[in-house]
Amino acid sequence: MMRHGFRIMLAGLLGMGPLVASAAMAADGAALYAGKCAMCHGPAGAGRPGTFPALAGRVGAIASSPEGKAYLAAVLVNGLHGPILVEGQSYKGFMPSFKALSDDDIAAVLSYAATLGGGSSSGISAQEVASVRSVPMDAAAVQAKRTALQASHVIP
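Residue numbers (mature numbering (1 follows the signal peptide of the UniProt record, and there is no 0)): -26 to -1, 1 to 130.
Now the structure itself:
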């Protein structure tokens, strides 16, 4: 009987390994940013003029409202394609979807990006990401959301 209980306990502990690793990975938004975003947007989020827009100082400003948080999550979950205007500079590019990342990981990387350039934000929760993920959007819908938020000054 005791041996059977030990096997059940061991199986339970081994089964929790991936959960513990995933939680640790999600908590490290800086590492996720370095691995997924820095190649294009730069290690400090300064962007690459004419190629990739800056994130520093912008993500935190956008994330200061629920609508902005939802937009940022939509961009990471669905990607962003086509022309955008950022601080008077035109960009026409392709940002891939990161929908393969967990809601925790997307929340962690967005929360980290919101701090770049001295930005501050209450962060973006995994629940907010899950809510956005539950309503898939195509490229045109993400662009339309961006246009509407720029018109209402949620996106500077």
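No residue lacks a Cβ here, since even glycine has one placed at the ideal position from N, Cα and C.
| Residue range of the alpha helix (DSSP H) that includes LEU123 | Walking along the sequence shown from the start, residue 123 turns up at place 149. Counting along the chain, the alpha helix (DSSP H) containing LEU123 begins and ends at 113 to 125.
| Same chain, Cβ closer than 7 Å to HIS55, five either side skipped, listed in chain order | To locate residue 55, count along the sequence shown from 1; it is residue 81. Result list for HIS55: PHE68 and ALA113, in chain order.
| message | Beta-carbon within less than 6 Å of VAL103's beta-carbon, same chain only, minus the 5 sequence neighbours each way: which residues are those? | response | Along the sequence shown, one-based indexing puts residue 103 at 129. Within the same chain, VAL103 has close Cβ partners ALA47, ASP77, ILE80 and ALA81.
| task | Could you pull the start and end residues of the alpha helix (DSSP H) that ILE58 belongs to? | result | Counted from its first residue, the sequence shown places residue 58 at position 84. Note, ILE58: premise wrong, no alpha helix (DSSP H); beta strand (DSSP E) at 54 to 60.
| field | 7 Å Cβ cutoff met for LEU123 and TYR45 | value | The residue labelled residue 123 in the question sits at position 149 within the sequence shown. The residue labelled residue 45 in the question sits at position 71 within the sequence shown. Contact flag set, yes.
| field | ALA28, buried or exposed, once every other Cβ within 10 Å from all chains shown has been counted against 16 | value | Against the sequence shown, residue 28 aligns to sequence position 54. It is buried - the Cβ of ALA28 has at least 16 other Cβ atoms within 10 Å.
| Exposure label - SER85; buried when at least 16 CB within 10 Å | As a working note, residue 85 is residue 111 in the sequence shown. Sixteen is the threshold: when 16 or more other Cβ atoms of the shown chains lie within 10 Å of the Cβ of SER85, as they do, the residue is buried.
| query | Is it the case that the Cβ atoms of ARG107 and VAL33 are separated by a distance below 7 Å? | reply | Residue numbering aside, residue 107 sits at position 133 when the sequence shown is read from its first letter. Residue numbering aside, residue 33 sits at position 59 when the sequence shown is read from its first letter. Not in contact: ARG107 and VAL33 (Cβ atoms no closer than 7 Å).
| request: Going by DSSP, name the residue or residues bridged to LYS67. | output: If you number the sequence shown from 1, residue 67 lands on position 93. One detail in the question is off: residue 67 reads as Gly in this sequence, not Lys. According to DSSP, which records beta bridges pairwise, GLY67 is partnered with GLY56.
| request: Name the residue from VAL109, SER71, GLY9 and ALA18 whose alpha carbon lies nearest to the alpha carbon of ALA88. | output: On the sequence shown, position 114 is the one that residue 88 refers to. Of VAL109, SER71, GLY9 and ALA18, the residue nearest in Cα terms is ALA18.
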